[in-house]
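Numbering (the working numbering), first residue to last: 4 to 448. Virtual Cβ for every residue (Gly too), placed ideally from N, Cα, C.
In structure tokens, the structure reads:
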């Protein structure tokens, strides 16, 4: 590799929650459970409270409640002994006669349903305003920016990592405690029918749709079906709440039966909240909103819409634009999400966490626009979960690289590497500036 070059890596790459304390008798009622074995008198006398819920026995700490979930390969009940050795106080189980040595066991019909009931119990005892975030891309970055802005007004909780599925969302709700003023919950879906029950569990006061792209297309069949599914989150917003959507999604907005405020966001377009004068260079993004300058230490103009969503939620919660700008000035992306790293061998833009066609194209644009005297090398892996659209989507990325003409080398790995590279060559890229390998790790040796 050449000193001074720019390399962008774009490749494909649940837990525990502290909650409002709950007594054992409250737990039984909350999950509609029965006592799996007699509760020790000392336990009842001490009126022990459970403060943390765990679904992974490897994360158990003393005093935890271990919920033994049923998985496709293993059942959590196989790890009850491990949970007990790690100090768990109690466990939620499904099967009669399961050995709960060292644990107080609560038996339920279905452990996942019990986890959801417990999450609803915790949700209803918190006064935190809940903000839900969904979309085909940028959910995590948008959620993090919103949490950054809301923290100006009070303690703001957010989903841990990417806890956005049928296990992650209830765990996110279980992480809310009595001191939280806000909770920002990420909601994801990989197929039809998944958003609505998760949205009803969250019951948000406000919700953000980041956009409709082509991530997880294999589970939806079409981009239109995917967008309709994501839009279902908006129907769960509490009466009088707020919906934040990209301006291009407004025409797809479903008929909403309640009095919701709908705010559109966009870049240099007709929207309620508009970013103008967008510039980015050397890992710094600048733009204006209603005359207020925003400067964020992030790479790429595709971060603008996440910031605009945060501004919209900030206004809704009483945060001024200047306060939002000040808060976002210190925002830093996570590793793998367009994180810029400067090394002795050059600059690496690490966007390897996950990929959709839209995020991959945004990464290509970022690299093309990066101000450098060195070489620009794009390193790509497979975009997963695209189903029958996979070949066309990978070819679309290759075509964009070839037509752009600003990327000096294309290194591709994975099942669809050849489709990406051949499309780039057909669009004008020289074959000798491309490489194909079985894995990204092999490319970077």
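- Judged by DSSP secondary structure, residue 94 falls within the beta strand (DSSP E) whose first and last residues are 93-96.
- Annotated as proximal: residue 56 and residue 22, with beta-carbon spacing under 8 Å.
- In the three-state scheme derived from DSSP, where H, G and I count as helix and E and B as strand, residue 411 is classed as coil.
- The beta-carbon separation of residue 213 and residue 151, rounded to 16 Å, does not stay under the 8 Å limit for a contact.
- With distances taken between CA atoms, residue 359 lies nearest to 393 out of 393, 173, 371 and 230.
- Under the DSSP definition of a beta bridge, residue 284 partners with 287.
- Distance between residue 201 and residue 375, taken at the CA atoms: about 45 Å.
- Shown here, residue 306 sits in a helix according to DSSP, grouped into three states.
- Restricting attention to 404, 445, 442 and 328, the CA atom closest to the CA of residue 436 is found in 404.
- In the same chain as residue 161, and ignoring 5 residues on each side of it, the C-beta atoms closer than 6 Å to its own belong to 146, 150 and 187, in chain order.
- By the beta-carbon neighbour count (other beta carbons within 10 angstroms, threshold 16), residue 434 is exposed.
- Annotation for residue 27: the continuous alpha helix (DSSP H) segment containing it runs 27-34.
- The criterion of a C-beta distance shorter than 8 Å is not satisfied by residue 210 and residue 185.
- The closest CA to that of residue 30, considering only 79, 74, 107 and 62, is found on 107.
- Contact between residue 129 and residue 181 holds: CB atoms are separated by about 7 Å, below the 8 Å threshold.
- Here DSSP, grouped into helix, strand and coil, assigns residue 380 to strand.
- Taking C-beta separations shorter than 7 Å and ignoring five residues to either side along the sequence, the partners of residue 315 in its chain run 247, 266, 268 and 276, following chain order.
- The C-alpha of residue 197 lies about 26 Å from the C-alpha of residue 395.
- Taking 8 Å as the cut-off, the beta carbon of residue 430 is found closer than this to the beta carbon of residue 401.
- The criterion of a C-beta distance shorter than 8 Å is satisfied by residue 174 and residue 20.
- For residue 335, there is no enclosing alpha helix (DSSP H), as DSSP marks it with neither H nor E.
- Contact between the region 107-119 and the region 278-290 is absent, with fewer than three C-beta pairs closer than 8 Å.
- Take the alpha-carbon of residue 425 and the one of residue 399: they are about 11 Å apart.
- Taken atom to atom, the span from the alpha-carbon of residue 304 to that of residue 141 is near 12 Å.
- Fully contained in the region 118-206 are the following beta strand (DSSP E) runs of length 3 or more, in chain order: 132-137, 159-161 and 185-189.
- In the three-state DSSP reduction, residue 104 falls in the coil class, being neither helix nor strand.
- Taking C-beta atoms under 8 Å as the contact rule, residue 93 and residue 83 fail to qualify, at a distance of about 11 Å.
- With fewer than 16 other Cβ atoms inside 10 Å of its own Cβ, residue 77 counts as exposed.
- Of 254, 207, 79 and 226, the smallest CA-CA separation from residue 241 is found for 207.
- Of the candidates 79, 67, 98 and 331, 67 places its Cα closest to the Cα of residue 89.
- Shown here, residue 226 sits in a helix according to DSSP, grouped into three states.
- In the three-state scheme derived from DSSP, where H, G and I count as helix and E and B as strand, residue 327 is classed as helix.
- Here residue 257 is exposed: its Cβ has fewer than 16 other Cβ atoms, across all protein chains shown, within 10 Å.
- Its chain contains 27 and 92 as the residues whose beta carbon lies nearer than 7 Å to that of residue 51, once the 5 sequence neighbours on both sides are disregarded; these appear in chain order.
- Residue pairing by DSSP puts residue 298 in a beta bridge opposite 289.
- Selection 432, 419, 189 and 270 evaluated against residue 442 yields 419 as nearest (Cα-Cα).
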